[in-house]
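If you want the working numbering, it's the 1-based position in the first sequence plus 597.
C-beta: ideal position from N, C-alpha, C; glycine also.
Have a look at the structure below before the remarks.
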Amino acid sequence: MPQSEFLREAEARGFIFQCTDMEALDAAMQAGPVAGYIGFDPTADSLHVGSLIQIMMLRLLQKHGHRPVALLGGGTARIGDPSFREEARMLMTGDTIAANLRGIEGSLRQYLSFADDTTGAVLANNADWLDRLSYIDLLRDVGVHFSVNRMLSFDSVRSRLEREQGLTFLEFNYSILQSYDFRELNRTLGVTLQMGGSDQWGNIVSGIDLVRRTDQKQVFGLTTPLLTTASGAKMGKSARGAVWLSADKLPVFEYWQFWRNTEDADVGRFLRLFTDLPLAECDRLAALRDAEINEAKKILATEATALCHGRAAAEAAAEAARRTFEEGAAPADLPTRPIPAAVLAAGIPAFRLFVESGMAASNGEARRLIRGGGARVNDVPVRDEGAVVSIADLTDGAIKLSSGRKHHLLVRPE
RNA sequence: GGAGGGAUGCCCGAGUGGCUAAAGGGGGCGGACUGUAAAUCCGCUGGCGUACGCCUACGUUGGUUCGAAUCCAACUCCCUCCA
């Protein structure tokens, strides 16, 4: 049982999967502040829920008086991590990467304090050092410490070799660069801990070896479990794609809904991982049964959303959900879509309105939705495929469109 | 350099001349049940059109044929074995 505050809470909340040397790390954390880092690949212009456990881990680190370092892989993004991927990742251009870095930074700032003090978070970009590397120097300095035999034995590499897809030399080098990152952060920022998902174990251990061999220093690795939902699905996918942390890519209301729809069996685990609520409170909420657990889910949703988008936005989402689902009303804060008043005046077929408003991807999809009985206008099912919507359907200046039970939108003439 | 195998819809994967917008599964969407859960069951799942219909699609380009995802040729990429 660890003694340091950070490790104790991290363990109790379910953040820890494996540690390279729990006792020594525990001792180091009791002795003084530790700087720990996690790498984020800028593969999109926003992080998503799949990375959230890592962000929360950095947050926890900061809470207990240590320094979190977020490393953005601006350099390694140009290679792509082969770990457990079926195919080589697409190579990205510099412009794309730069735009992605900006988006990710915005999310990180929500969760971490970048204040200028001993626990202030630091944002690093490995492009700052990787871009300057000279190939020969790298081989002589770092390459000699890597055993190909050993690299081949890593699950991540082996699985790719056994597959038909193969593995390019480019990807094979990812682990070397990640190791180099660790050493670089250790040298410049005194970082002695790398954290990451359990799939990063091999890469993390490689970095630790490198630091020990070249700098004769002990550094640590700590991994989080791979998160799946209780029914086995990958965490972080919602009905409509990835659950983004950026409000530009996923409305706050949808983000709140994602957490609200957590499976019963996951409520306790998610409360502990993704909210700041005290453990005792998490346990109490998770113990609720049947319909009562819905209250726990609402708290989970509001707390998790508050961390990401701010308390006010989270409360607003909760209220919008309450009115939509518990009162069946059409509140003003549902997503709204403008439509030219003239179009509405002339009357528009319902299926077309669903397409225009973005509720359906094509006329065919909208028709199927109607045929399947899932389309509603102002909460009245659309029975007839040829039904026409017009000004007569305006209610309080808008028309409510629904696709299924959970997706609603207001169309407002302008 | 040589020999062989492969490329099918969002994904996996059948299909070896017309009955194929293409089996089956997964995923997704909708419905029922419920608690805005899970599990289960049912329907739908290329685009356009109210519809008999039209268009696009089985790696690329050409060809054979009344007719091709299916046959032929060349090309591209991937895999396996040999050198």
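Check                                                                                                                                                                          : Outcome
Classify Thr899 as buried or exposed, calling it buried when 16 or more other Cβ atoms lie within 10 Å of its own Cβ.                                                          : buried
Exposed or buried, Met653, counting other C-beta atoms within 10 Å across all chains shown (16 or more means buried)?                                                          : buried
With three or more beta-carbon pairs closer than 8 Å as the criterion, would you say the segment 732 to 748 touches the segment 764 to 781?                                    : yes
So, for Arg682: in the same chain, excluding its five sequence neighbours on each side, which residues have a beta-carbon less than 7 Å away from its beta-carbon?             : Low confidence applies to Arg682: its pLDDT is 42, below 50, so where it sits in the model is not reliable enough to give any reading.
Leaving aside the five residues before and after Gly671 along the sequence, list all residues of the same chain whose C-beta is less than 7 Å from its C-beta, in chain order. : Pro639, Ile694, Leu698, Asn722, Asn723 and Ala724
Within its chain, find whatever has a CB closer than 7 Å to the CB of Thr859; leave out the 5 residues flanking it on each side and keep chain order.                          : Phe867, Lys894 and Leu897
Specify, as a first and last residue, the run of the alpha helix (DSSP H) that His906 falls within.                                                                            : Ile890 to His906
Quick check: Gly907 and Ala883, are their CB atoms within less than 7 Å of each other?                                                                                         : no
Taking just the CA atoms, how far does Ala839 sit from Arg1009?                                                                                                                : 28 Å
Residues in the same chain with beta-carbon distance under 8 Å from Arg968, minus the five sequence neighbours each way, listed in chain order, please.                        : Glu982
Could you check if Lys997 is buried or exposed, using at least 16 other CB atoms within 10 Å of its CB as the buried criterion?                                                : buried
Per DSSP, Gln791 is paired with what?                                                                                                                                          : Tyr634 and Gly818
Could you tell me the alpha carbon to alpha carbon distance between Ile801 and Gln651, rounded to whole angstroms?                                                             : 14 Å
Where does the unbroken alpha helix (DSSP H) through Arg920 begin, and where does it stop?                                                                                     : No alpha helix (DSSP H) contains Arg920, which DSSP labels as neither H nor E.
Report buried or exposed for Thr785, applying the criterion of at least 16 other Cβ atoms within 10 angstroms of its Cβ.                                                       : exposed
With respect to 6 Å, is the separation between the Cβ of Lys846 and the closest non-hydrogen atom of the ligand PLP below this value?                                          : Although the ligand PLP was asked about, the structure shown includes no ligands whatsoever.
Looking only at its chain, what residues have a beta carbon closer than 7 Å to the beta carbon of Val979, apart from the 5 residues adjacent to it on each side?               : Ala947, Ile967, Ala972 and Arg973
Can you list, in chain order, the residues of its chain with a C-beta nearer than 8 Å to that of Asp806? Leave out the 5 residues immediately preceding and following it.      : His742 and Ser776
Leaving out the 5 sequence neighbours to the left and right, which residues in its chain are closer than 6 Å to Leu644 when beta-carbon positions are compared?                : Ile701, Ser704 and Leu842
Taking the alpha helix (DSSP H) that Leu950 falls in, what are its first and last residues?                                                                                    : Ala947 to Glu953
Going by Cα to Cα distance, which pick from Ser601, Ala609 and Gly994 is closest to Ala877?                                                                                    : Ala609
Under the DSSP definition of a beta bridge, which residues are partnered with Ala995?                                                                                          : Thr992
Hey, how far is the Cα of Thr820 from the Cα of Gln615?                                                                                                                        : 5 Å
Measuring alpha carbon to alpha carbon, tell me which residue in Ala943, Leu767, Thr811 and Asp873 is nearest Tyr732.                                                          : Leu767
Is it buried or exposed, Pro665, if we count other Cβ atoms within 10 angstroms and call 16 or more buried?                                                                    : buried
Is Arg1002 buried or exposed, if buried means 16 or more other CB atoms sit within 10 Å of its CB?                                                                             : exposed
Which residues share a DSSP beta bridge with Cys616?                                                                                                                           : Leu819
Determine the extent of the alpha helix (DSSP H) in which Val849 is found, giving its start and end residues.                                                                  : Val849 to Arg857
Comparing alpha-carbon positions, which option in Gly611, Gln600, Glu602 and Gln813 lies nearest Pro822?                                                                       : Gly611
So is Arg886 buried or exposed if we call it buried at 16+ other beta carbons inside 10 Å?                                                                                     : exposed
Check whether the Cβ atoms of Gln659 and Thr716 sit closer than 7 Å, and answer yes or no.                                                                                     : yes
Using the rule of at least 16 other Cβ atoms within 10 Å of the residue's Cβ for burial, across every protein chain shown, is Ala625 buried or exposed?                        : buried
Grouping DSSP H, G and I as helix and E and B as strand, with all else coil, what is Val986?                                                                                   : strand
If you run the structure through DSSP and keep just helix, strand and coil, what is Thr825?                                                                                    : strand
Reducing DSSP to helix, strand and coil, say where Val808 ends up.                                                                                                             : helix
Rounding to the nearest angstrom, what Cα-Cα distance links Asn891 and Asn770 in this structure?                                                                               : 47 Å
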